[in-house]
Structure formats: C-alpha cells, structure tokens
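So for the sequence shown, my numbering puts the first residue at 890; every next one is plus one. So the structure is just underneath, and the comments pick up after that.
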Amino acid sequence: MQIDLIATTTFGLEAVAKREIQKLGYNILSVEDGRITYRADERGIVKSNLWLRTPDRIYMKVLDFKALEFEELFQNVKGYAWEELIPIDGEFTVVGSSVKSKLHSVPACQSIVKKAIVERLKDFYCVDHFKEDGAKFKVRFNILKDRVIVMVDTSGEALHKRGYRSATVPAPLKETLAAALIDLSFWNKDRVLEVPCCGSGTLAIEAAMIGMNIAPGLNRSFASQEWEYIPSEMWKEEKKNAYAQIDNDVKLSIRATDILQEAVDATIENAINAGVDENIVVKMEDIKDFVPKCENGIMILNPPYGKRIGDEEELKKIYTAIYKLTNDRDDWSVYAITSDEEFEDRACGRKADRRRKLFHGNIKVCYYQYHGKRR
C-alpha cells in the first residue's frame, strides 16, 4: 500500500536528506523547511529508519487538511481509519504545534485530536476503556496558517541515537549532523580523512560507517517495530539485507586526534561499539603538529565554540594550524563547523569557497568549506 512519509531534518540539510531518500529509490513529493515528504510503502518505513543517516525522524503522514474551527479538526481526525494502525491495546500520545493559525491553543488541539482518535477506536472496538499497554504510537499534529498535518512517529527515539555512543564529552556533535557534514565534504572511502579535535569521535565514526556501508539504524530498535501494521518478517528481511551489505574488507584511511586523553578514550570506545575501530586510527595529538603525508586529503573539524569555547589561547593554536594547512597545501580540502562568525578571517585569512548555515542544537552555526585543488 502506498503511503506518504515525512523525514524531518535540521534546517539547512534538506537537500542532503533528499538525496538520501532518492538513493533509496523513493519519489520526493515536496521539500519544505526541515521536512521532506516522499511516497513509499510499509517496507519504506523499515528501510528509511534503517538507512537514512541525516534525518531526525521518520513520520507516517496520515492527514492533511485545512481547519478554522475545532469541530473541523475533530471531524477530520475522527474520519481517519485509526483502527487500521492502532490495535485495541495500543498506547498513543498526542503532541503538536500551532503557528499563525486560528486554532492557536496547542493544549486544546491536543485534547481534541486525542478525543477524536479515542471516539473512532471506541466505535470500532466497541469498548469504553483502553488499557494502552501495547505498542506505542506518538501522534503529532502541525498546524501552520490553518493547514493541519497529522502524522505518526515511526522512529521512536530520534535517529541520531545510533546506539554506539556510550562514552561522550561535553557538547558532542549529533550523529545525524556529523553524517551530513561528511556528505557535504565529498569524502569517499578512497580518500584520506583527518578529524582533529575529534571529541567523542562522531565525525570519524560516521565516516567509517559510510565507508563500510553500515546502516546507521542497524543496532537499535524503532517504535514501528512493535506495530502490527508492519509484518515482523519485513524487519527481519531488511536487517538481514543490511548486514549482508556491510563491507568488512574495505580499508579506510581515517585518523581521529585530540589533545585530551578523555576524548581519545571516548573515541576508541565508541568506535568499538560501532564496529569500525579497525578502520580508524585514534591518537592523542595537537592539531598544530599535524603534517600532511599525502595529496588531496580532507580535514573536517568541529573546533570549540559556544559551551565548548574553552581557552582562547588553545583556539588560537587551532586556527593557526588551519591557516597553515589552507594556505600551504592547496590540494587539501578543509571543512569546519563553528558559531564563530569571524572564523574565515581568524582561521584562514580568506573567504570560504562555500558556506552553509545550520543549527547545532539551539546554536546557530556555519559550515565553512575550503575546496582543495586536485593534483
């Protein structure tokens, strides 16, 4: 059965997520701020959660309508065949938002949507009370300029929670954002990757998972795994296919370094958890001591900023090393994500070839991209 899915993502990464979805073979219906809608089927829910690296969550879109009155909201929601999705023991919650709409009270809308679903299920199952101790369903509504979109979260925990990061450091980079930064760097398994200031190793690990073709959702569970709507055999088949596609023989040139022992230890532990430790060299090293040992390499770094700003003198050393690399080696590509609006002048002495404005949590950041010349 054909259904519409919605992949939500960090603002600024819609194009990256769109490419991923198309690579899975699904047709894009629309791209909006932080949201890509595409046509799929039940198996598409499974494959999207297992394979998409950059979206935050995958929703199943169930309703799209205009409502100016609460009664319109109630009747439209009640009119959907919720019994085809939610079983008699299903546990469901309702969350949502409302922006620039006549139905501006979110608590009131939540109550109405919940009531509409309950009334529909009561009529179908012929009961007055639901135990709600079965599979979980999180229903989300978004109301923007009186347009109501109702969807159900298929992911459960956000997709950046891959399951490998048991060790961490302050202000770690989200896995989904790290995967997007790798994609935007044009790195591939045949190129050298340097990740200084590696923190808990997220950038290096996500690159290694890409290089080894490890599905990012392979070692975690999803809310929709418990749904009767999707046959359990389908999950088993897709996970088996994902395991079969892992390239355990590939040899990657990825090096992660940091001046802090705790960061080095965290990176090693997380890389082992992710099953990529044999493809990442992890060392305690100051970025100022980095010397390129090959041509056409790539450096991606997440230097301290915001809560991670640390010592200004240490940041100056990092910027000096970046300046040296970007000005002495025109064959190396350098990418950096930071909230420092003076990064181009302070770290490189020139404008970046490309910039992409993003958000790291609630912090507004920019991804500065310096493209090396191929030799």
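Backbone N, C-alpha and C fix where the C-beta goes; we use that ideal spot for every residue, glycine too.
Query raised in the report: Within 10 angstroms of its Cβ, does Y1256 collect 16 or more other Cβ (buried), or is it exposed?
Result: buried
Requested in this report: Can you have a look at G1250 and say buried or exposed, based on whether 16 or more other CB atoms are within 10 angstroms of its CB?
Outcome: exposed
Query raised in the report: Unbroken beta strand (DSSP E) runs of length 3 or more, entirely within the segment 1190-1254: which are they?
Result: 1222-1227 and 1243-1249
Query raised in the report: Is G1186 helix, strand or coil by DSSP?
Result: coil
**Report entry** beta strand (DSSP E) runs wholly inside the segment 1127-1158, at least 3 long, in chain order
**Finding:** 1143-1147
Query raised in the report: Roughly how many whole angstroms lie between the Cα atoms of V1081 and I1143?
Result: 6 Å
Query - Beta-carbon proximity list for I1207, same chain, < 6 Å, skipping 5 on both sides - result: I1176 and P1192
**Report entry** Per-residue DSSP class, three states only, for L1062
**Finding:** coil
Report task. Give a single yes or no on whether L1190 has its beta carbon closer than 7 Å to a heavy atom of the ligand GDP. Result -> Looking at this structure, you won't find the ligand GDP or any other ligand, since it has none at all.
Query raised in the report: Rounded to the nearest angstrom, how far is the Cβ of V1165 from that of M1188, given a contact under 8 Å?
Result: Between M1188 and V1165 the Cβ distance is about 19 Å, and since that is not below 8 Å, they are no contact.
Query raised in the report: At what residues does the alpha helix (DSSP H) containing R1263 begin and finish?
Result: Here R1263 belongs to no alpha helix (DSSP H), and DSSP marks it neither H nor E.
Requested in this report: Tell whether a beta-carbon distance below 8 Å holds between I975 and V1016.
Outcome: no
Report task. Identify every run of the beta strand (DSSP E) within the segment 1081-1110, keeping only runs that are complete inside it and at least 3 residues long; order them along the chain. Result -> 1082-1084
**Report entry** Residue range of the beta strand (DSSP E) that includes E921
**Finding:** N916 to E921
Query raised in the report: A1096 and I1071 look like a contact to me (Cβ under 8 Å); what is the Cβ gap, rounded to whole Å?
Result: 5 Å
Report task. Check I892 in the structure and name its three-state DSSP category. Result -> strand
Query raised in the report: Exposed or buried, what is T943 when buried is set at 16 or more other beta-carbons lying within 10 Å of its beta-carbon?
Result: buried
Query - Run of the alpha helix (DSSP H) containing K967, from where it starts to where it stops - result: F959 to K967
Query - Backbone CA spacing between N1077 and G1100 [nearest angstrom] - result: 7 Å
Query raised in the report: With burial defined as no fewer than 16 other Cβ atoms inside 10 Å of the residue's Cβ, what is the status of C1183: buried or exposed?
Result: exposed
Query raised in the report: What first and last residue would you give for the alpha helix (DSSP H) that runs through A970?
Result: Unbroken run through A970: none, as it is neither H nor E.
Requested in this report: Run the CB neighbour count on S986, radius 10 Å, all protein chains shown included, and call it buried at 16 or more, exposed below.
Outcome: exposed
Query raised in the report: Among the residues of its own chain, which have a CB less than 8 Å from the CB of R1197, if the five just before and after it don't count?
Result: Summary for R1197: the model assigns pLDDT 47, below 50, so the residue's position carries little reliability; its value from the coordinates is reported in the next sentence. The residues are P1059 and A1060.
Requested in this report: Kindly indicate the opening and closing residues of the beta strand (DSSP E) around E980.
Outcome: E980 to V988
Query raised in the report: Does DSSP put F1075 in a helix, in a strand, or in coil?
Result: coil
Requested in this report: Could you please give the first and the last residue of the uninterrupted beta strand (DSSP E) stretch that includes Y1014?
Outcome: Run containing Y1014: none in the beta strand (DSSP E); it sits in the alpha helix (DSSP H), V995 to Y1014.
Report task. Let me know the secondary structure DSSP gives K1020 once reduced to three states. Result -> coil
Requested in this report: Less than 8 Å between the CB atoms is what I'm expecting for L902 and L1247, so what's the real figure, rounded?
Outcome: 7 Å
Query raised in the report: Residues in its own chain within less than 7 Å of R928 by CB, not counting five upstream and five downstream?
Result: Q891, D893, Y915, N916 and L918
Report task. Use the C-beta contact count for V984: other C-beta atoms within 10 angstroms, 16 or more gives buried, fewer gives exposed. Result -> exposed
**Report entry** DSSP state of K1025 mapped onto helix, strand, coil
**Finding:** strand
Requested in this report: Give the range of the alpha helix (DSSP H) segment to which K1172 is assigned.
Outcome: Where K1172 is concerned, there is no enclosing alpha helix (DSSP H), although the beta strand (DSSP E) it sits in stretches over I1169 to M1173.
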